[in-house]
Every structure is written in structure tokens, then in C-alpha cells.
Amino acid sequence: MTKNVGSIDRALRAIVGLALIALAATGTVGWWGYLGVIPLATAAIGWCPPYALFGWNTCSTKNQ
926 MTKNVGSIDR ALRAIVGLAL IALAATGTVG WWGYLGVIPL ATAAIGWCPP
976 YALFGWNTCS TKNQ
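Under the working numbering, read the sequence shown as residues 926 to 989, first letter to last.
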């Protein structure tokens, strides 16, 4: 898999993912808050399936 998520994008995904999980864990939002695992996972691996599907890339340098 070629990385297609840039550093700023990865940071924002991690923050959003952690925030959603924290809100779900504290009961502020419903069970759907645990879907924050998805942006957290894509931030961790640096690859996003929808980005690959649409041909988007937020990385400053493309990996070969």
C-alpha cells in the first residue's frame, strides 16, 4: 500500500478519532463515537481506502 495521507491530515485524523472515542467512553455520545477507531487507524497506517478509490493523495512526496 502506498501512503496517501499526509502529516497534517494524519494529525487531524488522530485528534478526531481520539476525541470521538473519548466522548463515547464518557457517555457523552452514543455507541457511534467508537467509530473514531476508523480515522485513528487510517492515521496510524497512513493509508485511506476512499482516498485510494478516488485517486486523492495528501502526502507531500509520493512513495514508489
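C-beta atoms are modelled at their ideal positions from N, C-alpha and C, and glycine is treated no differently.
Nearest Cα to R935 within the set L943, G971, Y976: G971.
Looking from the CA of A947, the closest CA among N982, L965, S985 belongs to L965. If the five residues before and after V930 are omitted, its C-beta is found closer than 8 Å to the C-beta atoms of R938, T967, A968, G971, W972, C973, Y976, T983, C984, all from its own chain and listed in chain order. Around I933, the same chain offers T983 as residues with beta carbons nearer than 8 Å, after the five sequence neighbours per side are excluded.
Cβ neighbours of G942 within its own chain (closer than 6 Å, five residues either side excluded): G961, P964, L965.
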